[in-house]
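Student: What follows is a single structure, and I will ask about it in a moment.
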Amino acid sequence: MKRLIYEKLKDVYGYASFKQGQQEMVESILQKKDSVAIMPTGGGKSLCYQLPALIFEGTTFVISPLISLMKDQVDTLNAMGVSSTYINSSVSVKEMNNRLKNISEQKYKLVYIAPERLDSEYFMVRLQNIHIPLIAIDEAHCISQWGHDFRPSYMNIYQLISKLPKRPVIAAFTATATDKVEADIIRNLRLQEPTITKTGYARNNLSFSVLKGVHKQDFLQNYLRDRTDESGVIYASTRKEVDQCYENLKKLGFSVEKYHAGLTEKVRKSNQDLFLFDDIKIIVATNAFGMGIDKSNVRFVIHLNLPKNIESYYQEAGRAGRDGESGECILLFSPQDIITQKYLIEQSEKDDNYKAKEYSQLQQMIDYCHTSNCLQQHIVRYFGDQTYDICHKCSNCKDDRKLTDITNDALKVISC
Ligand code: ADP
Ligand code: MG
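Residue numbers for the sequence shown follow my numbering, beginning at 26 and rising by one.
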């Protein structure tokens, strides 16, 4: 089996070796074991389900939450000579029927579907007579209320599985899973003694910083002036702030576009493409931007505001340095943002339990901003890995003002 998978890796993808964790996942799936992979953003999760799909007889289904991502992956696969398609709300009825017909004739190796498709009985029925060896669930944290992007439709995945004449292998993938999310993934998908592959949460090529009390726009200008040839993402928490920051930077002559849910789909797509294809350097965005975005050369991710939890923060910041080269992740902290986040929690129509959970996650995010320990270590521990040492490059590791010296100085002052 090893020879076969290395052959595919080389012939289909053109890669000489696996990234960490990939081979274990591929082998586990090919041995028909349910599998869970918790691998960081950029870790190469897609290959873990695509490669077994190429080897298995029949059609593998991939459940993925983002329409733009599906199209990209399917285009890439078809270009590599792997017949595949996707089914989501962007496909016309005529084309949908065409694809469904091809699906029933088993013309594809891979079919990507949006979880919302599983709400349709019609769709489920169409899958009864085809051979499905594997169902891969991408961004599997969406199945948990403890994740940062819960999608109710993910709860239907098990319905699909249970209605199939033969139970396929189930493989779930995510970059961010605390123990609670991991347990939810296993329980909600009813995984059977899954192989769990964790490659560690640490991203050693990223350096994290928390900056307090800086003037945000001044900081940005100075920072960006020093890096006019680098790509980066600037996250803000509201559309208004995105608009303002964008206008500001545009006026100053930076190569910048913006992205948020208030723009039309066409504009969003076009701005995203400008960024992906390096026609512009900087994108200012709300958290609507980015899930599944595969741009390898993002050199910095700056958060102008406090994110609502560490899961979201790590996912967004983790878009830096996917190529393994260095990346900077900078969070500009101001206490005002805590008030904004609390307001957002209060005015949501969720029940008290849910709100309490959100408050506790927010508090952990605030603690991150105030810790004097290694920031990377703080994050990795949050996700349950206690073994990580320190990164030597975050703003806390590099801060050489020793607490003891300050204490000594303070003592001198007192004793004078
Ligand atoms: P993830 O979904 O884990 O964030 P992707 O599957 O999008 O990551 O892969 C991230 C990048 O790594 C992609 O550009 C992909 O082509 C590349 N990649 C994946 N596997 C390998 C490999 N074995 N060798 C080299 N590059 C790889
Ligand atoms: Mg992915």
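For each residue, glycine too, the CB sits at the ideal point set by N, CA and C.
Quick one: using the 10 Å Cβ neighbour count with 16 as the cut-off for buried, is T396 buried or exposed?
Tutor: The sequence position of residue 396 within the sequence shown is 371, counting from 1. Counting Cβ neighbours within 10 Å, T396 comes out exposed, since fewer than 16 surround it.
Student: What are the start and end residues of the beta strand (DSSP E) that includes I195?
Tutor: In the sequence shown, counting from the first residue as 1, residue 195 sits at position 170. Note, I195: beta strand (DSSP E), 194 to 199.
Student: Looking at C-alpha atoms only, which residue of D414, E164, N330, A62 is the closest neighbour of R176?
Tutor: Walking along the sequence shown from the start, residue 176 turns up at place 151. The shortest Cα separation from R176 among D414, E164, N330, A62 belongs to E164.
Student: So what's I63 in DSSP terms, helix, strand or just coil?
Tutor: Taking the first residue of the sequence shown as position 1, residue 63 is located at position 38. In this structure, I63 counts as strand in the three-state DSSP scheme.
Student: From A78 to G343, what does the alpha carbon distance come to, in whole angstroms?
Tutor: Mapped onto the sequence shown, residue 78 falls at position 53. Mapped onto the sequence shown, residue 343 falls at position 318. Cα to Cα, the separation comes out at about 27 Å.
Student: Could you spell out the range, first to last residue, of the beta strand (DSSP E) harbouring T311?
Tutor: Start at 1 with the first residue of the sequence shown, and residue 311 comes out as number 286. T311 -> no beta strand (DSSP E), and no H or E assigned at all.
Student: Would you report the Cα separation of F314 and Y284, rounded to the nearest angstrom?
Tutor: Position 289 of the sequence shown, counting from 1, holds the residue named residue 314. Position 259 of the sequence shown, counting from 1, holds the residue named residue 284. Cα-Cα distance, rounded: 6 Å.
Student: At a threshold of 7 Å, does S93 count as lining ligand 2 (C-beta to nearest heavy atom)?
Tutor: Taking the first residue of the sequence shown as position 1, residue 93 is located at position 68. No, the Cβ of S93 stays beyond 7 Å of every heavy atom of ligand 2.
Student: So E32 and H173 are in contact, right, with Cβ under 8 Å, and what is the actual spacing, rounded?
Tutor: Taking the first residue of the sequence shown as position 1, residue 32 is located at position 7. Taking the first residue of the sequence shown as position 1, residue 173 is located at position 148. Wrong, their Cβ atoms sit about 38 Å apart, outside the cutoff.
Student: Terminal residues of the continuous alpha helix (DSSP H) containing A165?
Tutor: Position 140 of the sequence shown holds residue 165. It is not in any alpha helix (DSSP H) - A165 carries neither H nor E in the DSSP assignment.
Student: For L135 and T85, which I take to be in contact (beta-carbon distance under 8 Å), what is that distance rounded to the nearest angstrom?
Tutor: Here the question's residue 135 lines up with position 110 in the sequence shown. Here the question's residue 85 lines up with position 60 in the sequence shown. Rounded, the Cβ-Cβ distance is 5 Å, consistent with contact.
Student: Quick one: is T429 buried, meaning 16 or more other Cβ sit within 10 Å of its Cβ, or exposed?
Tutor: One-based indexing of the sequence shown puts residue 429 at position 404. Since pLDDT at T429 reaches only 46, below the 50 mark, its modelled position is unreliable, and the value read off the structure follows with that caveat. Classification of T429: exposed, given that the 10 Å Cβ count is below 16.
Student: State yes or no: is the C-beta of S262 within less than 8 Å of the C-beta of T311?
Tutor: In the sequence shown, the residue the question calls residue 262 occupies position 237. In the sequence shown, the residue the question calls residue 311 occupies position 286. Closer than 8 Å, so yes.
Student: Do D17 and N378 have their CB atoms nearer than 8 Å?
Tutor: What the structure shows of the chain is the stretch from 26 to 441, and residue 17 is not part of that stretch, so it cannot be assessed.
Student: Let's see if you can read the secondary structure: which residues bound the beta strand (DSSP E) around Y111?
Tutor: Residue mapping note: residue 111 aligns to position 86 of the sequence shown, counting from 1. That run of the beta strand (DSSP E) goes 109 to 112.
Student: With a 10 Å radius around its C-beta and 16 neighbouring C-beta atoms as the bar for buried, classify Y147 as buried or exposed.
Tutor: Walking along the sequence shown from the start, residue 147 turns up at place 122. By the neighbour-count rule (16 or more Cβ atoms within 10 Å), Y147 is not buried but exposed.
Student: Let me know the secondary structure DSSP gives R215 once reduced to three states.
Tutor: On the sequence shown, residue 215 is found 190 positions in, with the first residue counted as 1. Note: R215 maps to coil in three-state DSSP.
Student: Taking 7 Å as the cut-off, is the beta-carbon of D163 closer than that to any non-hydrogen atom of ligand 2?
Tutor: Against the sequence shown, residue 163 aligns to sequence position 138. Yes.
Student: Hey, could you find the ends of the alpha helix (DSSP H) L301 is sitting in?
Tutor: Indexing the sequence shown from 1 puts residue 301 at position 276. Segment 290 to 301, the alpha helix (DSSP H) holding L301.
Student: Answer yes or no: the CB of D319 versus the heavy atoms of ligand 1, is any distance below 7 Å?
Tutor: The residue you call residue 319 lines up with position 294 of the sequence shown. Checking the Cβ of D319 against ligand 1 gives yes.
Student: Under 7 Å from any heavy atom of ligand 2, does the C-beta of K275 make it?
Tutor: If you number the sequence shown from 1, residue 275 lands on position 250. Checking every heavy atom of ligand 2 against the Cβ of K275, none is found closer than 7 Å.
Student: Going by beta carbon distance, what residues of the same chain come within less than 7 Å of M95, once the five residues before and after it are set aside?
Tutor: Translated into the one-based positions of the sequence shown, residue 95 becomes position 70. Only S89, Y111, N113, Y137 meet the Cβ criterion.
Student: From what residue to what residue does the beta strand (DSSP E) around E353 run?
Tutor: If you number the sequence shown from 1, residue 353 lands on position 328. Its beta strand (DSSP E) spans residues 352 to 358.
Student: Please go through the same chain and pick out, in chain order, the residues whose beta-carbon is closer than 7 Å to the beta-carbon of L436, but skip the five residues on each side of it.
Tutor: Translated into positions along the sequence shown, residue 436 becomes position 411. Residue placement at L436 cannot be trusted, given a pLDDT of 44 that sits under 50; the coordinates are not used to answer.
Student: Going by beta-carbon coordinates alone, are Y260 and V326 separated by less than 8 Å?
Tutor: Position 235 of the sequence shown, counting from 1, holds the residue named residue 260. Position 301 of the sequence shown, counting from 1, holds the residue named residue 326. A contact, by the Cβ cut-off of 8 Å.
Student: Of the choices D243, N330, V51, T253, whose alpha-carbon is the least far from that of V267?
Tutor: In the sequence shown, counting from the first residue as 1, residue 267 sits at position 242. It is N330.
Student: Can you determine whether any heavy atom of ligand 2 sits closer than 7 Å to the C-beta of K70, and answer yes or no?
Tutor: By 1-based counting over the sequence shown, the position of residue 70 is 45. Under cutoff, so the answer is yes.
Student: Identify, in the order they occur along the chain, each residue of the same chain with its Cβ nearer than 7 Å to the Cβ of S178, setting aside the five sequence neighbours on each side.
Tutor: If you number the sequence shown from 1, residue 178 lands on position 153. Same-chain partners within the cutoff: P140, E141, L143, D144.
Student: The alpha helix (DSSP H) spanning I186 covers which residue range?
Tutor: Your numbering for residue 186 matches position 161 in the sequence shown. Run containing I186: 182 to 188, per the alpha helix (DSSP H) assignment.
Student: Could you please give the first and the last residue of the uninterrupted beta strand (DSSP E) stretch that includes R324?
Tutor: Within the sequence shown, the letter at position 299 stands for residue 324. Here the beta strand (DSSP E) through R324 covers 323 to 328.
Student: Going along the chain, which residues of its own chain have a beta-carbon closer than 6 Å to the beta-carbon of L400, five neighbours each way excluded?
Tutor: As a first step, residue 400 is located in the sequence shown; it is residue number 375 there, counting from the start. Hits under 6 Å: F233, C419, N421.
Student: Skipping 5 residues on each side, what residues in its chain have a beta carbon closer than 7 Å to that of K44?
Tutor: Position 19 of the sequence shown, counting from 1, holds the residue named residue 44. These residues qualify, in order along the chain: G68, G69.
Student: Flag this pair as yes or no: are the beta carbons of I211 and V61 separated by less than 8 Å?
Tutor: Here residue 211 corresponds to residue number 186 of the sequence shown, with the count starting at 1. Here residue 61 corresponds to residue number 36 of the sequence shown, with the count starting at 1. Result yes, Cβ atoms of I211 and V61 sit closer than 8 Å.
Student: Quick one: does the C-beta of T66 sit closer than 7 Å to a heavy atom of ligand 1?
Tutor: Indexing the sequence shown from 1 puts residue 66 at position 41. Yes, Cβ of T66 sits closer than 7 Å to a heavy atom of ligand 1.
Student: Which of helix, strand or coil does DSSP assign to A286?
Tutor: As a working mapping, residue 286 is identified with position 261 in the sequence shown. Of the three classes helix, strand and coil, the one that applies to A286 here is coil, per DSSP.
Student: From I182 to E371, what distance separates their C-alpha atoms?
Tutor: Taking the sequence shown and counting its residues from 1, one reaches residue 182 at position 157. Taking the sequence shown and counting its residues from 1, one reaches residue 371 at position 346. Between I182 and E371, the C-alpha separation is close to 31 Å.
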